[in-house]
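All the letters of the sequence shown, read from the start, carry residue numbers 5 to 210 under this note's numbering.
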Amino acid sequence: MSGSQIRPFLAGTNYKEGLHVLDPASVWAVLGPRLDLPDRVALGDSVIRTPRFPGNLGTPSGVQLATPEALGRIAHTKGRPGRRLLIEALPLLRDGAVSAPETHLRLAIVDAGMPEPELDVDVYDCMGRFLGCSELAYPEFKIALEYEGDHHRTKTRQWNRDLEKYEDYKRVDWEVIRVTKWLLYSRRKKLLTQVRDALARRGWRG
5 MSGSQIRPFL AGTNYKEGLH VLDPASVWAV LGPRLDLPDR VALGDSVIRT
55 PRFPGNLGTP SGVQLATPEA LGRIAHTKGR PGRRLLIEAL PLLRDGAVSA
105 PETHLRLAIV DAGMPEPELD VDVYDCMGRF LGCSELAYPE FKIALEYEGD
155 HHRTKTRQWN RDLEKYEDYK RVDWEVIRVT KWLLYSRRKK LLTQVRDALA
205 RRGWRG
């Protein structure tokens, strides 16, 4: 465990259970400069994410911990340690990422010169029936990228739901790229080739 001090004008606080604690935007501003760019962006994504009910026309199920505008204001505060690093991350932040690997995958795809995928995308059939929600997707090309944490393998109910969802996607001509931790972090080149090939098959001419 380590601690640090910060000048009061550089931090906002909330009062929780008898204690003054940093507000979410300030947490990002304090921790962000200590992280590499992908993790700095992932932390920011988690702060600005709007929780919602999948398949319900984007109806929110909660509120953002902080708005992108709040992060922008706090990043540009003069005298802030790591100000340049925070400002560097701002244009890369997106609402919709549920986990850090999703952000890492999005950034890796863009860094490889491919179009940026959309986040938290609902998929429907031609009758308007909800088929599923995908972490990242290219609706134009009908490609979904599914990041599968280990619970997708170890939880029987989740495994069966995934199989049903992917069959439904296939029925409406969506292609699914299943992404694991191993592929993303140990076989990234292979994964990015999969994404590029899928885009090419679906008509991307990048």
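Where is the CB? At the ideal position from N, CA and C, for every residue including glycine.
Residue(s) in a DSSP beta bridge with ARG87 = Against the sequence shown, residue 87 aligns to sequence position 83. Answer is none; ARG87 lacks a bridge partner.
According to DSSP, is LEU140 helix, strand or coil?
-> Start at 1 with the first residue of the sequence shown, and residue 140 comes out as number 136. Strand.
Rounded separation between PHE57 and THR107 - CA only | As a first step, residue 57 must be located in the sequence shown, where it is residue number 53. As a first step, residue 107 must be located in the sequence shown, where it is residue number 103. Rounded to whole angstroms, PHE57 to THR107 spans 20 Å at the Cα level.
List the DSSP bridge partners of ARG209.
-> Counting from one through the sequence shown, the residue named residue 209 turns up at place 205. For ARG209, which the question treats as bridged, DSSP gives no partner whatsoever.
Counting only the same chain and skipping the five closest in sequence on each side, list residues whose C-beta sits under 7 Å from that of PRO64.
-> Reading the sequence shown from its first residue, position 60 is the one you call residue 64. For PRO64, where only same-chain residues beyond five positions count, the Cβ hits under 7 Å are THR54, PRO55 and ARG56.
Closest Cα partner of PRO72 within the set ALA33, GLU120 and ARG38 = In the sequence shown, counting from the first residue as 1, residue 72 sits at position 68. PRO72 has its Cα closest to that of ALA33, out of ALA33, GLU120 and ARG38.
First through last residue of the alpha helix (DSSP H) which encompasses LEU123 = If you number the sequence shown from 1, residue 123 lands on position 119. That residue, LEU123, is in no alpha helix (DSSP H); its beta strand (DSSP E) goes 122-128.
If you draw a straight line from the C-alpha of ASP166 to the C-alpha of ARG98, how long is it?
-> Residue numbering aside, residue 166 sits at position 162 when the sequence shown is read from its first letter. Residue numbering aside, residue 98 sits at position 94 when the sequence shown is read from its first letter. So the alpha carbons of these two residues sit roughly 25 Å apart.
CA nearest to the CA of LYS193, picked from CYS137, GLY86, ASP115 and ALA204 = Counted from its first residue, the sequence shown places residue 193 at position 189. LYS193 has its Cα closest to that of ASP115, out of CYS137, GLY86, ASP115 and ALA204.
Might you give, ordered along the chain, the residues of its own chain that have their beta carbon closer than 8 Å to the beta carbon of ARG236, omitting 5 neighbours on each side?
-> Lying outside 5 to 210, the shown extent of the chain, residue 236 is not represented and no answer is given.
Name the DSSP bridge partner or partners of ILE147?
-> Counted from its first residue, the sequence shown places residue 147 at position 143. Answer is TYR142 and GLU179, bridged to ILE147.
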